[in-house]
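Visitor: Start counting the sequence shown at 22; every next residue gets the next number (my numbering).
Quick one: structure below, then a few questions.
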Amino acid sequence: MVIMAKKIRLDKFLCDSLNITRKEAKEAIKKGKVTINGEIVKKPESKLDAEDDQVELEHQPVIFEQFHYLMLHKPQGVVSATKDDHDKTVLDLIHENFKDKLFPVGRLDKDTEGLLILTDDGMLAHELLSPKKHVDKVYFAKVSGSFTDEEVKKFQEGLDIGNGERSKEADLEILTAGEDQSEVLITITEGKFHQVKRMVKAVGSEVLYLKRLSMGSLKLDEKLELGMYRRLSETELQELKEHTNVRK
């Protein structure tokens, strides 16, 4: 059986790729500013193969992306939302023409740093956040007091975190244990409100600093400075999809 390549209208291709209006796309096409494989095309309804055909607008290549995937190193003081009347949002840190399509996959508290995925792929976001998928999320935390094997055991058993909720079993790795402060790695597979902070509180401690290091197969790029972002590589994206059983 031969599978035919999916065709897309030229005006829609430009809208989806450049985040411009249909009117703007049609005007550019009718003015002869758009070429397909080197030939000027003036009909907005013209069809093309988004994967194989080469499209240029005013001699600049237009790359088609059905969905977009960004890794953001979220800083403190920024909220994980698309809009907020009082605080800067993670979208305010993005400088792409498709930024208005994006949303954060889950959330990090305002005072929490680290890995945050931004995308417009609803299916991938759902799979990453689904409790049934048990996607690991790893956090580095500085906590008050000295953590011991007793806290490790309590995390493994699950904790009463208040409001009638109990956390699932979680991994706690002690990196350093001082009298006044300890450094730990915490791995959870769910995403209840303020979960890590509530778990730490349940063992009589307090989170002093919190940073998410990874989500599923995706690890925070150590070269990415606070407030900066980059696109996911093809390898990172494929591994993330395989991790959640989402296929291209």
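No residue lacks a Cβ here, since even glycine has one placed at the ideal position from N, Cα and C.
These numbers were taken from a predicted model, which means no experiment stands behind them.
(1) Have a look at Asp201 and Lys95 and give me their C-alpha separation to the nearest angstrom.
(2) Tell me whether Val228 sits in a helix, a strand or coil according to DSSP, three-state version.
(3) Do Asp158 and Ile209 have their CB atoms nearer than 7 Å?
(4) If contacts are defined as beta-carbon pairs under 8 Å, then Met220 and Ile195 qualify, I think. What distance do you get, rounded to the angstrom?
(5) Does the region 128–140 come into contact with the region 85–100, if we say contact requires no fewer than three beta-carbon pairs (one atom in each stretch) closer than 8 Å?
(6) List the endpoints of the continuous beta strand (DSSP E) containing Ala49.
(7) Entirely within the region 137–175 and at least 3 residues each: give me those beta strand (DSSP E) ranges in chain order.
(8) Quick check: Ser238 and His215, are their CB atoms within less than 7 Å of each other?
(9) Taking C-alpha atoms, which residue in Gly212, Leu112 and Leu206 lies nearest to Glu186?
(10) DSSP on Val34, reduced to helix/strand/coil?
(11) Suppose the cutoff is 7 Å on Cβ atoms and the five residues either side in sequence are ignored; what does the same chain contact list for Glu79 look like?
(12) Where DSSP assigns a beta bridge to Ser235, which residues make up the other side?
(13) Under a three-way DSSP split, which group does Glu94 fall into?
(14) Specify whether the region 46–64 and the region 94–112 touch according to this definition: at least 3 beta carbon pairs, one from each stretch, less than 8 Å apart.
(15) Would you check if the region 116–128 and the region 165–178 touch, i.e. whether three or more CB-CB distances between them fall below 8 Å?
(16) Which complete beta strand (DSSP E) runs does the region 177–233 hold, if anything under 3 residues is left out?
(17) If we call anything under 7 Å between Cβ atoms a contact, is Leu123 one with Leu241?
(18) Check whether the Cβ atoms of Cys36 and Ala46 lie closer than 7 Å to each other.
Guide: So, to answer that:
(1) 27 Å
(2) strand
(3) Inspection of the sequence shows that residue 158 is occupied by Lys rather than by Asp. Yes, the pair counts as a contact, with Cβ atoms nearer than the cut-off.
(4) In fact, because the Cβ distance is near 14 Å, the residues do not count as touching under 8 Å.
(5) yes
(6) Taken as a continuous stretch (DSSP letters only), Ala49 belongs to no beta strand (DSSP E), being part of the alpha helix (DSSP H) at Arg43 to Lys51.
(7) 158–165
(8) no
(9) The alpha carbon of Glu186 has as its nearest neighbour, out of Gly212, Leu112 and Leu206, the alpha carbon of Gly212.
(10) Looking at the sequence provided, one finds Phe at residue 34 rather than Val. Reduced to three states, the DSSP call for Phe34 is helix.
(11) Result list for Glu79: Lys54, in chain order.
(12) Beta-bridge pairing by DSSP links Ser235 to Val159 and Lys240.
(13) For clarity, residue 94 is His in the given sequence; the question names Glu instead. In the structure shown, His94 sits in a strand (DSSP, three-state: E or B).
(14) no
(15) no
(16) 181–183, 192–198 and 202–209
(17) The Cβ atoms of Leu123 and Leu241 do not sit closer than 7 Å to each other.
(18) yes
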